[in-house]
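These notes are about the structure you will find just below.
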Amino acid sequence: MIELTLLGLHDLRSSDGRDLGSLSAQPKRFALLAYLAVAGGGLHRRDSLAAMFWPDMDQFAARRALRNTLYHLREALGDGVIVTRGDDAVSIDAASLTCDVTKLNDAVEAARYEEAVAYHRGELLAGIHVSHAGEAFEDWLSRERLRVTALVLRAVQAMVEREERAGNQSAAAHWAQRACALAPDDEGWLRRGMSLLHASSDTGDALRLYETYARRLATEFAATPSAETEALTARIRSGNQTATARKAPVSLTPSPASPSRSDVPVDAILKEGHRQPPGASTPDRLRRATIGMTALGALALLGLLATRAMETRHASAIPARARVLVTVFDNRTGDSALTSLGRMAQDWLAQGLTRTRLVDVVDPRVVYVQGQAVMGAVVDPVTLAHRTGAAMVVSGSYYSTGDTLFVQAAVTDVRTGRVVRVVGPVLSSVRAPVAALDELRSRVMSALATTVDPHATQSLDGGDDIPRFNAYQAYVEGWDAFWHGDVRSSERLFVQAAHRDTGFTLAALAAAVAASNINDCPLVDSLTRVLDARSQALTRVDHLSLRIADAHCHGRNDETLRLTLERADLEPGNASDQMSAAGAALWANRPQRALDALGRVDPAIDLAWSTDTTHSAYWGGVTEALHLLGRHQEELATTDRMPPGSPLTRIWFRGSALAALSRPTAALALLDSAFALPVETASDIGLAPFTNGRPQFTVTGGWVANWISRELAVHGDTIAARQAAMRGVAWYRSRPAPERATYEERFVAACSLEMLGEYPEAEHMVQQLVAEDSTNVDFRGELAALAAERGDIGLADSLDRWLAVQPVARVSWTASIYRARVAAILGRPDSAVARARDAFDEGMWPRWLHEEPALVGLRGRPDFIALSAPRD
């Protein structure tokens, strides 16, 4: 079945989902197809079609043009879609092609009213221009547009009456306002919407609906509302309870569309963006920076997250500490350039609701990750709310009429499934689409305040300007990249957003956080100076997030921990902050503190946003903390609780515990099962301590073999360690040539060869790597260790001097830990401990001291024990 979309969007897809959109680039062909499809299989005479679409041609030429157009339609659609009856009649096979107009009609006739309204995403054939078509086509199109709008109004009226009968005034008001947008000149609908809003205790929105209508009449037609409308408005202003919902006469025939108020192209305006006028009032932005861990803690991920608010006030209908889920708003404009506005609305509302401190807000990442079913279908918001424990859902949509954009939101009680409050529509120009979000946020926050506490009367707003559209667009795309692990792209997008709107402080903060993740310390330093100059624009939490990014980038682990704990104290119920604190605790060599923080996190619920459904960062943090504390039996038991999905990562965690428990036979048997498993790329982890901005190492059988080999060696079983390394080398040699040629696999193989004592072969491989990438600190550091193993003191010392002059800003703590390895291998324990201390001062990952076989000989020294022992 071919699907044709004509309302708002212009789309044509085959039964297998293939885009046939090239037809929409041919307006006359697309218009003819639309005309035939809307008729739903009715027959049309060729002479009538030729006269309608080619009125300027003689009959012979017009029929030839029609014949040519039908030929191209058959070429695009396939056989059987265009049906002919004899030589004179043409139709569409309704069993082969369907369109949204006929579906809308069928849904209304079957009383599936919500479905019918959902099909109406905009005007029929919006924006299409069919050159040289006759008046017959234009008349048909005008009539059909009126008929479609009347159908939608019929569905809306039925839903208004249904909700009124059920006593749900808020839901009835929601649909009445939709009717006002569809029939903007119909005062019957205006009065009904005002009355329903007033009856649902939303007097402010009732008056705003009137003011919007009155302002439009004055501006466009130099007219005023009717006496009946003015009288209703006066009653509402006076608080007269008789101004309640009543069935005002409603016309099902839509009024003619109002003339456009601007001839400026939408695309040109969107390119320039929009800035809220001075004095506009919005709540402070509250995004949070968080440190997340990789499975080994080798990379700390810092991310600004929308967080949950604190205590809520009690309400009889909604439980205390109610959780709210804000959905991505639905784009019903038919303009794909406005798609990002739905995500912006979700982001802007989530920030503002967090600031109210009245409700918890479901992490926005949950909406992005869980909001899509396996096949890409959108998950119902109430279903998603049940999954995340939300008591209320804030959803919405935006649509347009002419040059006017309408944005509307609804608050749904998840328990009953009923709409309890409606906000909007809020109006702005399609040329400045984000302008509506500012007012919408304030009104949604106020509506939720009175929902949570019926006695609340305050209007909640703040003082930030909403960003420009194109800046905000880059910002939300940056978070999408960040959450999917593409930190470098996210940094670029955040910087782009900050450049497009120099007042967008939050974009600059996000750029600093992303830069810290990839060790781009110069950018972190630059942005820190910029943001320090705007300190008044930062909340306390934002300020802490910036300080965390700076401290982490420069290896100040104790300071990073102190700052993350201070931030977590401000948000005691925030699971993301607990993950941050755990990551910082591991970097500061305080594993018990990390366990305490992770004990407050339920990965199945609190990390449901993650694209890594195995939550390897969480389980890696738990097992690493237990490993550092020497609680290896608990570490092994923890691996049994890990969800399936990353078997290689689980083997690595489990093998480390078995090696520490002196169970080499089990560890090697487990390792053997790893070599038949596919490569895993979900975990962003590495073998070497630093990759200088290069992609992190993926999890392979050879990678796991090397780590288990090292773990066996540091726990004293050198025979089993060699057996593990031998298996890793054999796996590498069996790999296809393209995989063996990669930097990553060659480096891992060289490390395994070193464990086997095959120093010449390992050194030859690393020398080739250095020749190809002479500035890579890992390659030179490994080469120095191999030279020391061979007793080539001159080469080892030469490479050590190269490592010594590498700037910490570029290589972090990596050069110092390689120098500690070289000193230990050469029998210089005092120097080895001094270099290890340097690495700690530069922000070293503490577990590295526990995983390095070359440093085992230092474990009896009091100074090394004091350096490496957990500091809890």
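If you're matching positions, the sequence shown starts at 870 in my numbering and goes up one per residue. Note that CB positions come from ideal geometry on N, CA and C, so glycine has one too. Just so it is clear, the structure is predicted and the values come from calculations on it, not from any experiment.
So, under 8 Å CB-CB, I1686 and A1654 are touching, yes? Tell me the CB distance rounded to an integer number of Å.
Within the sequence shown, numbered from 1, the residue matching residue 1686 stands at position 817. Within the sequence shown, numbered from 1, the residue matching residue 1654 stands at position 785. Not quite, the Cβ-Cβ distance comes to about 11 Å (not below 8 Å), so this is no contact.
Would you mind stating whether A1618 and V1635 have Cβ atoms separated by less than 8 Å?
For this step, residue 1618 is matched to residue 749 along the sequence shown. For this step, residue 1635 is matched to residue 766 along the sequence shown. No.
Any chance you could list the alpha helix (DSSP H) runs of at least 4 consecutive residues sitting entirely within the region 890-944, in chain order?
The region 890-944 contains these whole alpha helix (DSSP H) runs: 896-907 and 915-922.
Sorted by chain position, which residues of the same chain lie with C-beta nearer than 8 Å to A1673's C-beta, five sequence neighbours on each side aside?
In the sequence shown, counting from the first residue as 1, residue 1673 sits at position 804. Result list for A1673: A1684 and R1688, in chain order.
Applying the 10 Å Cβ sphere with the 16-neighbour rule, what's the burial state of P1512?
Numbered from its first residue, the sequence shown carries residue 1512 at position 643. Counting Cβ neighbours within 10 Å, P1512 comes out exposed, since fewer than 16 surround it.
Can you tell me which residues form a DSSP beta bridge with S1266?
The residue labelled residue 1266 in the question sits at position 397 within the sequence shown. Answer is D1199 and Q1277, bridged to S1266.
Where in the region 1693-1739 do unbroken runs of the alpha helix (DSSP H), each at least 4 residues long, occur, reported from the N-terminal end onward?
1698-1710, 1716-1720 and 1731-1737
Let me know the secondary structure DSSP gives R1459 once reduced to three states.
One-based indexing of the sequence shown puts residue 1459 at position 590. In this structure, R1459 counts as coil in the three-state DSSP scheme.
Could you tell me how far apart the beta carbons of A1381 and G1347 are, in whole angstroms, since I believe they sit closer than 8 Å?
The residue labelled residue 1381 in the question sits at position 512 within the sequence shown. The residue labelled residue 1347 in the question sits at position 478 within the sequence shown. Not a contact, Cβ separation roughly 12 Å.
Would you please state the rounded distance, in angstroms, between the beta carbons of V1262 and L1194? I believe it to be under 8 Å.
If you number the sequence shown from 1, residue 1262 lands on position 393. If you number the sequence shown from 1, residue 1194 lands on position 325. Right, their Cβ atoms sit about 5 Å apart.
For S960, which beta-bridge partners are listed by DSSP?
For this step, residue 960 is matched to residue 91 along the sequence shown. DSSP, once it has assigned bridges, lists V952 as partnering S960.
Since I believe V1280 is in contact with D1074 (beta carbons under 8 Å), could you give me their beta-carbon distance rounded to a whole number of angstroms?
The residue labelled residue 1074 in the question sits at position 205 within the sequence shown. The residue labelled residue 1280 in the question sits at position 411 within the sequence shown. The C-beta distance from D1074 to V1280 rounds to 12 Å, too long to meet the 8 Å contact threshold.
Within 8 Å, do at least three Cβ pairs link the region 1694-1703 to the region 1720-1739?
yes
Relative to the C-alpha of T1518, which residue among L1476, R1469, R1500 and I1577 is closest?
As a first step, residue 1518 is located in the sequence shown; it is residue number 649 there, counting from the start. Nearest C-alpha to T1518: I1577.
Which same chain residues end up closer than 6 Å to T1569 when comparing Cβ atoms and leaving out the 5 residues on each side of it in sequence?
Translated into positions along the sequence shown, residue 1569 becomes position 700. Cβ neighbours of T1569 beyond the five flanking positions: V1548.
Closest to F1275 by CA distance: which of C1049, R932 and E1623 is it?
In the sequence shown, the residue the question calls residue 1275 occupies position 406. Of the listed residues, the one whose Cα sits closest to F1275 is C1049.
Taking 6 Å as the limit between beta carbons, can you name the residues of its chain near A1589, skipping five residues before and five after?
Position 720 of the sequence shown, counted from the start, is the residue given in the question as residue 1589. The residues are P1533 and L1581.
When the Cα of L1317 is compared with those of P1294, A1301, R1337 and V1288, which residue comes out closest?
Residue mapping note: residue 1317 aligns to position 448 of the sequence shown, counting from 1. Among P1294, A1301, R1337 and V1288, the Cα nearest to that of L1317 is on V1288.
Under three-state DSSP, which class holds S1039?
Along the sequence shown, one-based indexing puts residue 1039 at 170. The answer is helix: DSSP assigns S1039 an H, G or I state.
Where do the N-terminal and C-terminal ends of the alpha helix (DSSP H) with R1369 fall, by residue?
By 1-based counting over the sequence shown, the position of residue 1369 is 500. Note, R1369: alpha helix (DSSP H), V1356 to R1369.
Tell me which residues share the same chain as A1535 and place their Cβ nearer than 6 Å to its Cβ, disregarding the 5 neighbours each side in the sequence.
Position 666 of the sequence shown, counted from the first residue, corresponds to residue 1535. So the qualifying residues of the chain are L1527.
Given a threshold of 16 other Cβ atoms within 10 Å of its Cβ, counted over all protein chains shown, does T1102 qualify as buried or as exposed?
For this step, residue 1102 is matched to residue 233 along the sequence shown. So T1102 ends up on the buried side.
Specify, as a first and last residue, the run of the beta strand (DSSP E) that I871 falls within.
Residue numbering aside, residue 871 sits at position 2 when the sequence shown is read from its first letter. Its beta strand (DSSP E) spans residues I871 to T874.
Can you tell which of L1210, I1474 and L1455 has its C-alpha closest to the C-alpha of G1424?
Locating residue 1424 in the sequence shown gives position 555, where the first residue counts as 1. Closest option to G1424, Cα to Cα, is L1455.
In the DSSP assignment, the alpha helix (DSSP H) including T967 goes from what residue to what residue?
Locating residue 967 in the sequence shown gives position 98, where the first residue counts as 1. Taken as a continuous stretch (DSSP letters only), T967 belongs to no alpha helix (DSSP H), being part of the beta strand (DSSP E) at L966 to C968.
Distance, Cα to Cα, D1419 vs V1393?
Counted from its first residue, the sequence shown places residue 1419 at position 550. Counted from its first residue, the sequence shown places residue 1393 at position 524. Approximately 6 Å, taken between the alpha carbons.
Can you have a look at H1719 and say buried or exposed, based on whether 16 or more other CB atoms are within 10 angstroms of its CB?
The count along the sequence shown starts at 1 and reaches residue 1719 at position 850. So H1719 ends up on the buried side.
Distance check for S1681 and Q1215, CA to CA, integer angstroms please.
For the purposes of this step, residue 1215 is taken as residue 346 along the sequence shown, with counting starting at 1. For the purposes of this step, residue 1681 is taken as residue 812 along the sequence shown, with counting starting at 1. One C-alpha to the other measures close to 38 Å.
Within its chain, find whatever has a CB closer than 7 Å to the CB of A1692; leave out the 5 residues flanking it on each side and keep chain order.
Mapped onto the sequence shown, residue 1692 falls at position 823. So the list reads S1700, A1701 and R1704, once near-sequence residues are dropped.
Go through its chain and collect everything with a Cβ distance to Q1038's Cβ below 6 Å, but skip five positions before and after it.
The residue given as residue 1038 occupies position 169 in the sequence shown. The residues are L1065, A1068 and S1069.
Going by C-alpha to C-alpha distance, which of G1585, L1540, R898 and H1584 sits closest to P1572?
On the sequence shown, position 703 is the one that residue 1572 refers to. According to the sequence as given, residue 1572 is Trp; it is not Pro. That would be L1540, whose Cα lies nearest to the Cα of W1572.
Where does E1549 fall in DSSP's three states?
Position 680 of the sequence shown, counted from the first residue, corresponds to residue 1549. Under the three-state reduction of DSSP output, E1549 falls in the strand class.
Please determine if the region 964-979 and the region 915-932 are in contact, where contact requires at least 3 C-beta pairs separated by less than 8 Å.
no
Closest to I1417 by CA distance: which of L1432, S1404 and R1409 is it?
Within the sequence shown, numbered from 1, the residue matching residue 1417 stands at position 548. When only C-alpha atoms are compared, the closest one is L1432.
Using beta-carbon positions only, say whether L889 and R898 come within less than 8 Å of one another.
Taking the first residue of the sequence shown as 1, we reach residue 889 at position 20. Taking the first residue of the sequence shown as 1, we reach residue 898 at position 29. Going by C-beta atoms, L889 is not nearer than 8 Å to R898.
Look up D1229 in the DSSP assignment and give the residues it is bridged to.
The residue given as residue 1229 occupies position 360 in the sequence shown. According to DSSP, D1229 bridges with R1192.
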